[in-house]
Amino acid sequence: MEKRVRMVDIAEKMGVSTFTVSKALSGKEGVSEEMREEVRRVAEEMGYQVKNRTKSESVSKGMKFGILTRSKYIEQGQSFYWSLYERMLYHLNAGGHIGILEFISEEIETKLLLPKFIQTEIINGLILMGKFSKNYRNMLTEAKIPFVCLDMFDAECRQDTVISDGYYGMYFVTRHLLQMGHRDIVFLGRVGATYSITDRYFGFCKAMQEVGLQVTPEMVLPDRDENDMLQISIEQLHHMPTAFACNCDNSAYYLMQKLQAKGYRIPDDISIVGFDNYILSEMTTPKMTTYEVNLDKMALSSIQQLQQRLAEPERPWEQLIISGHFIQRDSVKKIN
19 MEKRVRMVDI
29 AEKMGVSTFT
39 VSKALSGKEG
49 VSEEMREEVR
59 RVAEEMGYQV
69 KNRTKSESVS
79 KGMKFGILTR
89 SKYIEQGQSF
99 YWSLYERMLY
109 HLNAGGHIGI
119 LEFISEEIET
129 KLLLPKFIQT
139 EIINGLILMG
149 KFSKNYRNML
159 TEAKIPFVCL
169 DMFDAECRQD
179 TVISDGYYGM
189 YFVTRHLLQM
199 GHRDIVFLGR
209 VGATYSITDR
219 YFGFCKAMQE
229 VGLQVTPEMV
239 LPDRDENDML
249 QISIEQLHHM
259 PTAFACNCDN
269 SAYYLMQKLQ
279 AKGYRIPDDI
289 SIVGFDNYIL
299 SEMTTPKMTT
309 YEVNLDKMAL
319 SSIQQLQQRL
329 AEPERPWEQL
339 IISGHFIQRD
349 SVKKIN
């Protein structure tokens with residue numbers, strides 16, 4: 019069977035980007051007439067089959083949205099990002115659109131290689147789910163593909179972003195611990211590992227400072243190693259606090275298991291709060307007090323932002339902060 023000629027094949031032969039080829043063959047602006055004619059000539063020589071679709075036909079069949087994340091962020095059925103992806107698929111399907119998920123490895127990100135669905139598919143836009151390097155985001159910007167950053171913020175990033183309110187979310191769960199009489203509290207999370215963890219750490223600091231408590235390095239316990247693998251060593255603690263404010267429910271779940279295995283009673287000996295209201299928060303005994311991230315609104319807002327960007331390419335960049343709400347369960351004890 020003869021191999022189908024793709025746009026990426028034409029781009030490689032000419033030494034140009036896939037998007038230059040796409041724009042030239044579709045008649046879009048952004049390439050010179052000389053380049054447009056040369057692309058068409060090479061495409062014809064290579065036997066590329068042009069797909070002629072009118073604008074109305076394209077809209078009626080819906081848009082194709084690429085959803086890109088790092089492979090380490092997703093484990094099917096066991097990940098915050100997988101749940102977020104499922105909500106995006108739901109809203110895309112409801113609107114008659116298609117969502118295509120792709121993971122990229124650290125090697126692909128370091129080498130600044132385009133995702134496969136950009137090389138082989140004509141997608142309308144892209145949603146970056148989670149943290150990516152500045153160099154990789156710049157590469158995508160130069161490729162002229164509209165994209166939205168979901169659950170990632172960088173003040174220097176000139177792109178639309180959607181993030182959860184990690185700062186005030188952690189402020190509220192820490193404030194709950196303080197209102198329940200706790201003053202000896204440790205923040206569980208590797209500060210700097212992700213935007214979300216760092217933001218939640220500063221929310222923790224705000225709540226502590228409001229009652230006159232200065233956060234010191236001894237009041238922070240990392241929850242993962244340099245490779246982002248879950249790893250909690252309570253042996254690093256100078257002493258056992260009365261409470262932990264955890265950056266996510268997954269880490270809170272793991273911490274509770276370790277403490278209970280050592281004979282500590284939750285919440286009689288130690289109180290714990292989580293973050294996300296992920297499924298694990300209701301699988302613990304006792305059930306976890308936490309802060310629910312509004313996954314559905316984050317997913318829908320990222321899609322709407324990308325659609326608006328496609329309709330109005332020159333509009334100002336927008337940063338959306340999606341609030342959640344505090345959920346009180348049984349993992350916190352009031353102390354004197």
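Residue 354 is where the sequence shown ends in our numbering, and the numbering goes up by one at each step.
Ideal Cβ placement from N, Cα and C applies to all residues, glycine included.
Since we're looking at a predicted model, the values are computed, not measured.
Is there contact between the segment 168 to 177 and the segment 108 to 124, where contact requires at least three CB pairs shorter than 8 Å?
no
Start and end of the alpha helix (DSSP H) containing R347?
Per DSSP, R347 belongs to no alpha helix (DSSP H) and is neither H nor E.
Neighbourhood of I116 by C-beta distance below 8 Å, restricted to the same chain and skipping five residues each side:
G80, M81, K82, F83, L110
Buried or exposed: which applies to V350, given that a residue is buried once 16 or more other Cβ atoms fall within 10 Å of its Cβ?
buried
Given a cut-off of 9 Å, decide if L195 and S289 are closer than it, judged by their beta-carbon atoms.
yes
Three-state secondary structure (DSSP) of Y309
strand
Applying the criterion that 16 or more other CB atoms from any shown protein chain within 10 Å of the CB defines a buried residue, is F165 buried or exposed?
buried
If you reduce the DSSP assignment to three classes, tell me which class R201 lands in.
coil
Please classify H343: does DSSP put it in a helix, a strand, or coil?
strand
Helix, strand or coil, according to DSSP, for L338 in the structure here?
strand
Taking Cβ positions, are L248 and S269 nearer each other than 9 Å?
yes
Please say whether T192 and F222 have beta carbons closer to each other than 9 Å?
yes
Check whether the segment 336 to 343 touches the segment 172 to 183, counting contact only when three or more Cβ pairs, one atom from each stretch, lie closer than 8 Å.
yes
Tell me where the alpha helix (DSSP H) around E120 begins and ends.
First-last for E120: 116 to 122, but that is the beta strand (DSSP E), not the alpha helix (DSSP H).
Would you say the segment 271 to 291 touches the segment 156 to 163, given that touching needs at least three Cβ pairs under 8 Å?
no
Closer than 6 Å by C-beta to V39: which residues in its own chain qualify, once you throw out the five before and the five after it? Chain order, please.
M25, I28, A29, V57
Reduced DSSP category for T87 - H, G, I as helix; E, B as strand; rest coil
strand
Short of 6 Å in beta carbon distance, which residues of its chain neighbour M226, apart from the five on each side in sequence? Order them along the chain.
V233
What are the partner residues of V23, as DSSP defines its beta bridges?
Note: V23 sits in no beta bridge, so no partner.
On the premise that L298 lies in contact with D241, defined as a C-beta separation below 8 Å, what is that separation, rounded to the nearest angstrom?
With a Cβ gap of about 14 Å, D241 and L298 do not count as contacting.
At least one CB of chain D closer than 9 Å to the CB of P235: is that the case?
Included in the structure is just one protein chain, with no chain D present.
Do T308 and R347 come within 9 Å of each other at the CB atom, strictly closer than that value?
yes
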